[in-house]
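S.K.: In the UniProt record's numbering, the protein residues as written are 1 to 207.
Structure below; questions to follow.
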């Protein structure tokens with residue numbers, strides 16, 4: 001099911017495409033492919049309700065894998081998500097960015113055109129190798145963020161266990177401290193040594 005935000009952004013995008021004279025050749029729920037002169041342009045939506053740096057990096061890594069299929073490539077997103085995009089990395093990929101707010105859409109970073117014609121041979125291979133290196137960098141960054149998240153989770157769990165141990169120690173201390181009461185000599189030792197005996201006798205005396 002397409003979210004309201006996705007539908008609204010795509011509506012703004014299609015209006016912008018018509019106003020700028022691009023020819024729409026294909027579209028889906030979260031993308032539009034256009035012709036701009038001799039260039040094929042991909043506009044791919046990136047929408048996350050609760051964006052994080054790790055989730056955004058994962059999405060961009062997936063987009064980077066089909067970057068070489070299009071002369072130009074744009075991420076279409078919202079102001080909340082754009083703050084988590086690594087501008088340096090997407091610039092290396094030649095990916096542009098478009099941001100949609102409540103009423104309009106605008107280009108905030110241009111896509112750098114690349115050659116997709118196989119006849120370029122060596123140049124195309126070098127470009128693919130470069131893109132693969134950037135993808136590896138993105139994937140490494142995602143792994144680093146996941147490792148940091150796991151470390152933070154372990155620290156939180158240790159703190160919780162430490163708090164629980166502290167509470168248990170405090171309760172045990174109260175029980176062992178007991179209350180200073182006089183126990184008759186004829187009481188058996190297994191009862192006399194019970195830490196709860198003092199507490200019970202103290203309560204009975206107070207009443």
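From the three backbone atoms N, C-alpha and C, an ideal C-beta is built for every residue, glycine too.
All figures in this text were calculated on a predicted structure; none of them were measured in a lab.
Helix, strand or coil for residue 75, going by three-state DSSP, please let me know.
M.R.: As a first step, residue 75 is located in the chain shown; it is residue number 75 there, counting from the start. Strand at residue 75.
S.K.: Measuring CB to CB, does residue 94 end up less than 7 Å from residue 114?
M.R.: One-based indexing of the chain shown puts residue 94 at position 94. One-based indexing of the chain shown puts residue 114 at position 114. Yes, they are a contact pair.
S.K.: Counting along the chain, where does the alpha helix (DSSP H) carrying residue 19 start and finish?
M.R.: Start at 1 with the first residue of the chain shown, and residue 19 comes out as number 19. 4-19 is the span of the alpha helix (DSSP H), which, as asked, contains residue 19.
S.K.: Count the other C-beta atoms from every protein chain shown that fall within 10 angstroms of the C-beta of residue 156, then say buried if there are 16 or more, exposed otherwise.
M.R.: Along the chain shown, read from residue 1 onward, the residue named residue 156 stands at position 156. Looking at its Cβ environment, which holds fewer than 16 other Cβ atoms inside 10 Å, residue 156 is exposed.
S.K.: Thinking just about the alpha-carbon of each residue, which of 9, 29, 3 is nearest to the one in residue 104?
M.R.: Along the chain shown, one-based indexing puts residue 104 at 104. Minimum Cα distance to residue 104 is reached at 9.
S.K.: Check each candidate in 91, 79, 92, 60 and name the one with the smallest Cα separation from residue 101.
M.R.: By one-based count along the chain shown, residue 101 stands at place 101. Looking at the Cα atoms, 79 is the closest of the given residues.
S.K.: So, under 8 Å CB-CB, residue 97 and residue 77 are touching, yes? Tell me the CB distance rounded to an integer number of Å.
M.R.: To locate residue 97, count along the chain shown from 1; it is residue 97. To locate residue 77, count along the chain shown from 1; it is residue 77. Residue 97 to residue 77, Cβ: 7 Å. Contact.
S.K.: Taking DSSP's pairing of strands, which residues face residue 107 in a bridge?
M.R.: On the chain shown, residue 107 is found 107 positions in, with the first residue counted as 1. Partner(s): 98.
S.K.: How long is the line joining the alpha carbons of residue 151 and residue 158, rounded to whole angstroms?
M.R.: Here residue 151 is taken as the residue at index 151 of the chain shown, counted from 1. Here residue 158 is taken as the residue at index 158 of the chain shown, counted from 1. Cα-Cα distance, rounded: 11 Å.
S.K.: For the alpha helix (DSSP H) holding residue 59, just list the boundary residues, first then last.
M.R.: In the chain shown, counting from the first residue as 1, residue 59 sits at position 59. 53-65 is the extent of the alpha helix (DSSP H) around residue 59.
S.K.: Mapping the DSSP letters down to three states, classify residue 24 as helix, strand or coil.
M.R.: Along the chain shown, one-based indexing puts residue 24 at 24. Note: residue 24 maps to strand in three-state DSSP.
S.K.: For residue 138, which residues in the same chain have their Cβ closer than 7 Å to its Cβ, ignoring the five residues on either side in sequence?
M.R.: Locating residue 138 in the chain shown gives position 138, where the first residue counts as 1. The answer, listed in chain order, is 57, 60, 61, 64, 89.
S.K.: Can you tell which of 54, 5, 70 has its C-alpha closest to the C-alpha of residue 26?
M.R.: Within the chain shown, residue 26 is the residue found at index 26, counting from 1. Residue 26 has its Cα closest to that of 70, out of 54, 5, 70.
S.K.: Measuring alpha carbon to alpha carbon, tell me which of 162, 30, 40, 166 ends up nearest residue 68.
M.R.: Within the chain shown, the letter at position 68 stands for residue 68. Selected option, being the one with the closest Cα: 40.
S.K.: Quick one: what's got a C-beta closer than 8 Å to residue 135's C-beta in the same chain, skipping five residues either side?
M.R.: Counting from 1 along the chain shown, the entry for residue 135 is found at position 135. 61, 64, 65.
S.K.: Taking the C-alpha atoms as reference points, what is the distance between residue 38 and residue 47?
M.R.: Locating residue 38 in the chain shown gives position 38, where the first residue counts as 1. Locating residue 47 in the chain shown gives position 47, where the first residue counts as 1. Cα to Cα, residue 38 sits roughly 29 Å from residue 47.
S.K.: Just the C-alpha distance for residue 92 and residue 3, rounded to the nearest angstrom, thanks.
M.R.: Locating residue 92 in the chain shown gives position 92, where the first residue counts as 1. Locating residue 3 in the chain shown gives position 3, where the first residue counts as 1. Their backbone Cα atoms lie some 31 Å apart in a straight line.
S.K.: Taking its Cβ as the centre, do 16 or more other Cβ atoms sit within 10 Å of residue 13, making it buried, or is it exposed?
M.R.: Taking the chain shown and counting its residues from 1, one reaches residue 13 at position 13. Buried.
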